[in-house]
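*Asks:* Okay, here's the structure, questions in a sec.
Protein chains: 2
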Amino acid sequence: MAKIKDNKTDQTLCPVARAETVVGDRWTVLVLRELFARSHRFEEIQAQTGGTPQMITARLKKLEADGLVTRRIYNKHPLRHEYHLTEKGEAFFPVLMALRAWGEAWCKSPKEGRAMTYTHVVCGKPAGLGPVCESCGEPVRRADMVGERLPKYQKERDARWEAFKATR
Amino acid sequence: MAKIKDNKTDQTLCPVARAETVVGDRWTVLVLRELFARSHRFEEIQAQTGGTPQMITARLKKLEADGLVTRRIYNKHPLRHEYHLTEKGEAFFPVLMALRAWGEAWCKSPKEGRAMTYTHVVCGKPAGLGPVCESCGEPVRRADMVGERLPKYQKERDARWEAFKATR
DNA sequence: CTTGTTACTATGAATTTCATAGCAATATGG
DNA sequence: CCATATTGCTATGAAATTCATAGTAACAAG
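Following this line, the structure appears as structure tokens:
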């Protein structure tokens, strides 16, 4: 009789549980990563996350319903939308950065090298992985960061795009 | 022909994708939350996350395989284990804190109030929600934080425990 | 009037999750 | 001894989700 009643995590006071009902899903986080990487179109997001159309459609719809994403028309006839982060979506940035830092430090072998480098434009130096700039010690904010993909990672993304295009 | 080949996210250079293959799952994050909250036994974790036994067993096994958790025998005959965070698991703390901050700020109505308060023992004052102490400005580390559950949240947890015990 | 582009929807098999039940090994109380 | 309680799972089958693959809708370009 191992049972749990009333598993309503969205009614808990715990902010982690609340957040997880929104972003507690691999595809959702990958979609958010792409939006932060300035991929705003369905195709780009699909290609770079490697998700099926349904996965991406479902996540974008849920993210919109949860208020992290807005659709913006960039073409009528045929109707086409771009997906952009709202303020709530933008506010997710520190979580992504913390996840990135943990991923770099604990989920990769050192010889693989980094995927990105971020420059802290306030001081003009590398920001490193932490929540404060490793060069000047100030807390880093999304607006103060300029990211650059390292060649190897850029090539990986280009290759994914080519591979995607080749199948359609 | 909308298809993607070779969706091997664990081979990408992207640290976010790498991290997500490990922690990109609601139950996994909730289990980690409990381990950080010093719930080390299967029952406690099950009761507080609201997961079924299989969900918890599967996550704990995967977390162990991925090196975030170790089992520690606390009783032979019958063999009983406690689950503890490894260094890799402990290093996940900043991600959880960022998620907590986002959850408090964007997934709850203000009148609900916080679940926890953290004191930064270095300065003895409230640490707030950010990656740096709101009182002294220093980056906060897990070892320098003392968390306390607010009464409402503590009651919620007590109630969950009682409800769980009542069914077995 | 054929081919290409973009953003999906449709379908069915495979996998995962969930709720519920049960069990094994021992401690505890009478 | 014997019944009941405790702890940490495993077993089972229905329900939901995911995945791979294919196809469609609405136009644009040549």
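Top to bottom, those sequences are chains R and E.
The numbering of the first sequence is this note's numbering, which starts it at 1 and goes up by one.
The numbering of the second sequence is this note's numbering, which starts it at 1001 and goes up by one.
Ideal Cβ positions, reconstructed from N, Cα and C, are used throughout, including at glycine.
Keep in mind the model is a prediction, meaning the values are calculated, not measured.
1) DSSP beta-bridge partners for H84(R)?
2) Quick check: V1069(E) and T1086(E), are their CB atoms within less than 9 Å of each other?
3) If contacts are defined as beta-carbon pairs under 8 Å, then G1024(E) and R26(R) qualify, I think. What distance do you get, rounded to the angstrom?
4) I'd like to confirm the pairing. Which residues does DSSP put opposite G147(R) in its beta bridges?
5) How should A159(R) be labelled, buried or exposed, when 16 other C-beta atoms within 10 angstroms of its C-beta is the threshold for buried?
6) Give every residue of the same chain whose Cβ lies closer than 6 Å to the Cβ of Q1046(E), excluding the five residues on either side of it in the sequence, and list them in chain order.
7) Is E104(R) closer than 9 Å to P1139(E) when the C-beta atoms are compared?
8) For F42(R), which residues in chain E fall below 8 Å Cβ to Cβ?
9) Please list, in chain order, the chain R residues whose beta carbon lies closer than 8 Å to that of D1025(E).
10) Only counting the same chain, and skipping five residues up and downstream in sequence, which positions put a Cβ closer than 8 Å to that of Q1035(E)?
11) State yes or no: is the C-beta of A101(R) within less than 9 Å of the C-beta of R1100(E)?
12) Taking DSSP's pairing of strands, which residues face D25(R) in a bridge?
13) Who are the Cβ neighbours of E1134(E) in its own chain at under 7 Å, not counting the five residues just before and after it?
14) So that I know if they touch, is there some Cβ in chain R lying closer than 9 Å to that of W1102(E)?
15) Starting from Q1046(E) and walking both ways along the alpha helix (DSSP H), at which residues does that stretch end?
16) Pull up the DSSP beta-bridge partners for P1139(E), would you.
17) Does K1125(E) come out as helix, strand or coil in the three-state DSSP assignment?
18) Between which two residues does the alpha helix (DSSP H) carrying P1053(E) extend?
19) Return no unless some Cβ of chain R is closer than 9 Å to the Cβ of T1012(E).
20) Taking Cβ positions only, does C123(R) come closer than 9 Å to chain E?
21) Less than 9 Å between CB atoms is the rule here; does D6(R) satisfy it with respect to chain E?
*Replies:* Taking the definition as stated:
1) In DSSP, H84(R) forms a bridge with T70(R).
2) Yes, these two residues count as a Cβ contact at 9 Å.
3) That belief holds up - the Cβ atoms of G1024(E) and R26(R) are roughly 3 Å apart, short of 8 Å.
4) DSSP lists Y118(R) as partners of G147(R).
5) By the neighbour-count rule (16 or more Cβ atoms within 10 Å), A159(R) is not buried but exposed.
6) Excluding positions up to five away in sequence, the list reads I1056.
7) No Cβ-Cβ contact shorter than 9 Å links P1139(E) with E104(R).
8) Proximity of chain E to F42(R) at the Cβ level (cut-off 8 Å) is not reached, the minimal Cβ distance being about 10 Å.
9) Identification of chain R residues near D1025(E) by a Cβ-Cβ cut-off of 8 Å yields G24, D25, R26, ordered along the chain.
10) For the record, residue 1035(E) in the displayed sequence is Leu; it is not Gln. The residues I1045, V1069, Y1083, H1084, L1085, G1089, in chain order, have a CB closer than 8 Å to that of L1035(E) in the same chain once the five nearest residues on each side in sequence are set aside.
11) Result no, Cβ atoms of A101(R) and R1100(E) do not sit closer than 9 Å.
12) Answer is D1025(E), bridged to D25(R).
13) Correct list, in chain order: P1126, A1127, G1128.
14) Cβ-Cβ to chain R under 9 Å: yes for W1102(E).
15) Element bounds for Q1046(E): 1042-1049.
16) As DSSP reads the structure, P1139(E) sits in a beta bridge with V1132(E).
17) Strand at K1125(E).
18) Unbroken alpha helix (DSSP H) run through P1053(E): 1053-1065.
19) Taking 9 Å as the CB threshold, T1012(E) lines the interface with chain R.
20) No, C123(R) lies away from the interface with chain E (no Cβ there is under 9 Å from its Cβ).
21) Its pLDDT being 39, under 50, D6(R) is placed unreliably by the model, and the measurement read from it follows with that caveat. At least one chain E Cβ lies under 9 Å of D6(R).
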